[in-house]
Amino acid sequence: MNKIHIIGLGLLGGSFGLAARRKFPELTITGFDISEKNLKDAEVLGIITEAKENPDSDTDIILLATPADSLGDILEKTLNEIGENTLVIDLGSTKSNLCALAGKHSKRRQYLAGHPIAGTEYSGPKAAFAELLDGKVMILCEMDKTDLHLKEKAYQLFEALNMKLRFMDPEEHDRHLAFVSHLSHVSSFMLGKTVLQKMEDDRNILDMAGSGFASTVRLAKSSPSMWAPILTENKENILQALDGYISNLSSIRDLIANNDGEKIHQELADINKIRDILDLGRG
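Reading the sequence shown from the start, the letters are residues 129 to 411 in the working numbering.
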């Protein structure tokens with residue numbers, strides 16, 4: 129592997145660039161971003177070795193790390209233009225629509241649907257860091273539809289970055305992510321909104337905000353440019369997750385309204401079981 133091209137030089141694309149350059153010092157990494165500032169920052173920070181809109185014809189891997197609603201057009205355009213030895217990997221948070229689109233393309237076997245479970249609430253190339261991907265899960269979809277030789281290039285990159293591979297079908301991926309990722313962001317944004325509304329009447333409310341509030345609302349600092357498209361791309365699954373969440377909020381509200389301390393305690397104790405699941409996942 130000699131050349132990688134990255135389209136979208138924010139947190140995720142930038143972190144891939146930094147990590148790949150650390151593991152493969154001789155690797156040429158070109159890249160492009162629609163933001164001129166991001167492009168310049170990526171050069172200054174050493175994320176890419178050269179800024180260019182189109183990859184060289186002998187590029188081994190092209191990584192697509194742009195907002196979810198832009199990936200379809202970029203994927204189609206990229207597949208139309210690449211040579212037979214180039215693999216295109218998208219890093220988007222939704223997979224079903226992209227896999228369906230790619231399935232109709234004559235170069236489907238040169239595409240790999242990927243989603244690294246890695247990120248922070250910060251965005252842009254200045255937020256990127258090489259360690260972001262270390263030990264993180266990389267979900268891959270429809271592996272059987274990707275050319276065997278080209279998959280080896282992807283495996284080489286993921287292994288060098290110490291990523292853990294998991295395999296899922298696109299629909300399963302989108303359904304699960306709606307609950308464990310997308311819903312978390314919606315919840316955090318709406319908590320932030322609720323507190324901002326309260327601040328219109330009481331400017332001192334944040335003086336009482338402790339670490340619990342800070343950790344819960346942390347995701348509300350995430351980029352709207354990234355998250356608004358995700359919410360529309362995975363609409364049906366997110367609506368299902370929201371319906372369940374709203375139902376549970378209504379239920380606990382009713383218990384509080386009825387001053388039913390015993391049932392509230394039992395409800396919270398039952399939910400405490402999530403601690404064991406999360407602790408097991410970290411082990």
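All C-beta atoms in this analysis are idealised placements derived from N, C-alpha and C, irrespective of residue type, glycine included.
- Positions of the alpha helix (DSSP H) runs, each at least 4 residues long and wholly inside the stretch 355-392, are given as 363-385 in order along the chain.
- It is roughly 41 angstroms from the alpha-carbon of Asn376 to the alpha-carbon of Ile162.
- For His243, the three-state secondary structure derived from DSSP is strand.
- Gly159 has Ile134, Ala179 as its beta-bridge partners, per DSSP.
- By the 16-neighbour rule on beta-carbons within 10 angstroms, His310 is buried.
- Excluding its 5 nearest sequence neighbours in each direction, Ile134 has C-beta neighbours in its own chain below 7 angstroms: Gly141, Phe144, Gly145, Ile157, Gly159, Ile176, Leu191, Ala193, listed in chain order.
- Our two residues, Asn400 and Lys326, have alpha carbons roughly 29 angstroms apart in a direct line.
- Membership of Asp302 in the alpha helix (DSSP H) is indicated by the continuous run 298-305.
- If you draw a straight line from the Cα of Gly220 to the Cα of Asp335, it comes to about 37 angstroms.
- Judged by DSSP in its simplified three-state form, Met271 adopts helix.
- Straight across, the Cα-Cα distance linking Ala241 with Pro153 is about 26 angstroms.
- Distances from the alpha-carbon of Gly200 to those of Glu212, Thr222, Lys321, Ile189 put Thr222 closest.
- The beta carbon of Phe317 sits closer than 6 angstroms to the beta carbons of Ala348 from its chain, once the five residues preceding and following it are set aside; these are given in chain order.
- Following the DSSP letters along the chain, one finds Asp262 in no beta strand (DSSP E), marked with neither H nor E.
- The stretch 254-266 makes contact with the stretch 282-291: 3 or more CB pairs, one atom from each, lie closer than 8 angstroms.
- Taking a cut-off of 8 angstroms on C-beta distances, the stretch 354-365 touches the stretch 293-306, as three or more cross pairs fall below it.
- Leu383 is a Cβ neighbour of Ile392, given a cutoff of 8 angstroms.
- Boundaries of the beta strand (DSSP E) harbouring Leu191: 189-192, taken from the DSSP string.
- Here DSSP, grouped into helix, strand and coil, assigns Phe295 to strand.
- Separation of the CB atoms of Cys269 and Pro244 is rounded to 13 angstroms, and the pair is thereby denied contact status at 8 angstroms.
- For Leu215, the enclosing beta strand (DSSP E) starts and ends at 215-218.
- Taken through DSSP and simplified to helix, strand or coil, His233 comes out as coil.
- Take the alpha-carbon of Glu164 and the one of Lys180: they are about 11 angstroms apart.
- In this structure, the straight-line span from the alpha carbon of Asp184 to that of Glu212 is close to 13 angstroms.
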